[in-house]
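**Q**
Chains as they are written, first to last, in our numbering: chain A, 1 to 381; chain B, 1 to 47.
#1: Could you check the C-alpha separation between residue 180 of chain A and residue 190 of chain A for me, to the nearest Å?
#2: Counting only beta-carbon atoms, is residue 371 of chain A nearer than 8 Å to chain B?
#3: Check the C-beta distance from residue 227 of chain A over to residue 369 of chain A and give it rounded, since I have them as a contact under 8 Å.
#4: When you compare only the Cα positions, how much space is there between residue 158 of chain A and residue 5 of chain A?
#5: What did DSSP end up calling residue 34 of chain B once you bin it into helix, strand or coil?
#6: Does chain A have any CB closer than 8 Å to the CB of residue 19 of chain B?
#7: Does residue 37 of chain B pass the burial test, meaning 16 or more other C-beta atoms within 10 Å, or should it be called exposed?
#8: Check whether chain B comes within 8 Å of residue 307 of chain A, counting only Cβ atoms and requiring the distance to be less than that.
#9: How big is the Cα-Cα spacing for residue 233 of chain A and residue 255 of chain A?
#10: Would you verify that the beta carbon of residue 327 of chain A is, or is not, closer than 8 Å to some beta carbon of chain B?
#11: How far does the alpha helix (DSSP H) with residue 192 of chain A in it extend, from its first residue to its last?
#12: Ordered along the chain, which non-local residues of its own chain (more than five positions away) have a Cβ less than 7 Å from that of residue 352 of chain A?
#13: Are there 16 or more other CB atoms within 10 angstroms of the CB of residue 384 of chain A, so buried, or fewer, so exposed?
#14: As an exercise, report each continuous alpha helix (DSSP H) stretch of at least 4 residues that is fully enclosed by the region 10-69 of chain A, in chain order.
#15: Output needed in chain order: residues of the region 7-18 of chain B with a Cβ under 7 Å from some Cβ in chain A.
#16: At a Cβ cut of 7 Å, what residues of the region 186-208 of chain A count as close to chain B, listed as they run along the chain?
#17: Where does residue 339 of chain A land, buried or exposed, given buried means 16+ other C-beta within 10 angstroms?
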């Protein structure tokens with residue numbers, strides 16, 4: 001009997017014994033803790049970092065079976081990430097939340113949204129030069145879309161082994177946009193350019209135009225880039241529901257209940273993919289570095305395009321609005337407004353920047369869709 | 001045979017970025033035209 005008691009008690013200590021046999025376990029638990037700290041104390045994307053950090057801790061507790069066959073996180077992961085459902089459901093919510101009015105008032109802002117995607121392709125080239133295989137380089141480049149669901153969609157499909165690093169990088173840098181962008185904005189523009197005042201005249205957009213916008217994007221985008229239709233279709237479905245005004249229940253559910261539940265499950269799934277052996281690699285640091293570079297390059301090219309627009313309009317455009325041509329909505333637009341006002345108190349760039357920012361959101365989805373279709377065209381996927 | 005990395009990278013840059021710019025430019029033209037065809041009616045008023 002004594003032996004049985006000893007064996008039983010020993011069973012309670014196995015976890016502790018295992019904890020330090022593999023150094024990656026305590027380290028990853030610590031990383032999970034850092035993510036939780038960033039979410040709680042620094043308010044960095046708490047809706048995502050809390051489930052990601054907790055999932056990371058869960059999966060790195062020794063003998064944890066949560067990601068084993070039939071483990072609860074494995075079930076969630078298989079159901080939502082392997083099937084690509086989670087990012088797409090999130091996209092319906094994003095579409096339902098986004099007002100494309102400022103963009104539709106000045107459709108030319110879409111071009112700033114396009115310029116803000118350059119970082120994707122330059123980073124892809126760099127990743128290839130650093131030795132990453134084709135599809136891994138694509139997944140790393142997509143961090144430059146500055147759009148979590150897009151990055152997850154592409155990585156889970158074509159480089160699932162990089163999913164954790166890519167999604168953590170994408171969400172971390174999205175949260176760090178207010179820190180990453182201002183120094184680049186100051187470096188790339190002159191004081192005179194930053195002080196440029198842009199007049200804003202409200203241009204009302206008809207309901208018909210707002211209704212046609214998601215349909216045009218879906219049909220035209222789908223014809224050009226059919227591989228990316230799930231991405232385009234879901235965000236535009238959400239927006240179409242919003243603009244019709246006749247399915248308020250569905251719109252509210254998409255932007256609240258569905259988005260909240262899926263965000264929780266998505267975060268947990270990403271955290272669950274952060275097991276020590278898969279995450280603690282020099283490669284992860286490299287991916288984080290490339291991701292940061294991608295977002296810096298997006299900002300640089302956005303600003304350059306802003307300068308080009310300034311040149312074309314005879315100095316009427318403040319090039320700072322180019323920095324808002326990324327998908328971090330509405331964070332990037334707020335950064336532009338704040339920076340503009342630092343140099344000229346009478347400068348109100350927010351509405352222009354919101355247009356560019358909405359353009360960046362559409363641009364990132366279009367860029368990913370185009371990329372997938374080019375890959376399909378080349379016979380890579 | 002797998003495509004070499006330089007060809008792959010340049011093709012992605014040219015077709016990917018070019019395709020993105022072109023698609024968004026076409027969409028901006030269409031939306032500009034639709035904005036003119038369907039102007040905001042009095043009473044709609046929202047920007």
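From the three backbone atoms N, C-alpha and C, an ideal C-beta is built for every residue, glycine too. What you are looking at is a predicted structure, and each value in this text was computed from that prediction instead of being measured.
**A** Inspection of the coordinates gives the following:
#1: Against the first chain, residue 180 of chain A aligns to sequence position 180. Against the first chain, residue 190 of chain A aligns to sequence position 190. Their backbone Cα atoms lie some 18 Å apart in a straight line.
#2: For this step, residue 371 of chain A is matched to residue 371 along the first chain. Closer than 8 Å: yes.
#3: As a first step, residue 227 of chain A must be located in the first chain, where it is residue number 227. As a first step, residue 369 of chain A must be located in the first chain, where it is residue number 369. Residue 227 of chain A to residue 369 of chain A, Cβ: 7 Å. Contact.
#4: The sequence position of residue 158 of chain A within the first chain is 158, counting from 1. The sequence position of residue 5 of chain A within the first chain is 5, counting from 1. So the two alpha carbons sit approximately 50 Å from each other.
#5: The residue you call residue 34 of chain B lines up with position 34 of the second chain. DSSP, reduced to helix, strand and coil, places residue 34 of chain B within a helical segment of the structure shown.
#6: Taking the first residue of the second chain as 1, we reach residue 19 of chain B at position 19. Answer yes: the Cβ-Cβ gap between residue 19 of chain B and chain A drops below 8 Å somewhere.
#7: Taking the first residue of the second chain as 1, we reach residue 37 of chain B at position 37. Taking every protein chain shown into account, the CB of residue 37 of chain B has fewer than 16 other CB atoms within 10 angstroms, so this residue is exposed.
#8: Taking the first residue of the first chain as 1, we reach residue 307 of chain A at position 307. No, no contact with chain B.
#9: Your numbering for residue 233 of chain A matches position 233 in the first chain. Your numbering for residue 255 of chain A matches position 255 in the first chain. Taking the Cα positions, residue 233 of chain A is about 16 Å away from residue 255 of chain A.
#10: Position 327 of the first chain, counting from 1, holds the residue named residue 327 of chain A. Chain B contact via Cβ: absent.
#11: Here the question's residue 192 of chain A lines up with position 192 in the first chain. For residue 192 of chain A, the enclosing alpha helix (DSSP H) covers residues 191-195.
#12: Counted from its first residue, the first chain places residue 352 of chain A at position 352. The answer, listed in chain order, is 198, 200, 321.
#13: Any question about residue 384 of chain A goes unanswered here, given that chain A covers just 1 to 381.
#14: Fully enclosed alpha helix (DSSP H) runs of 4 or longer: 14-19, 24-41, 46-60.
#15: In summary, the residues of the region 7-18 of chain B whose CB is separated from some CB of chain A by less than 7 Å are 8, 9, 11, 12, 13, 15, 16, 17, in the order they occur in the chain.
#16: Look at the region 186-208 of chain A: the residues with a C-beta under 7 Å from a C-beta of chain B are 202, 203, 204, 205, 206, 207, 208.
#17: In the first chain, residue 339 of chain A corresponds to position 339, counting from 1. The residue in question, residue 339 of chain A, is buried, as its Cβ has 16 or more Cβ neighbours within 10 Å.
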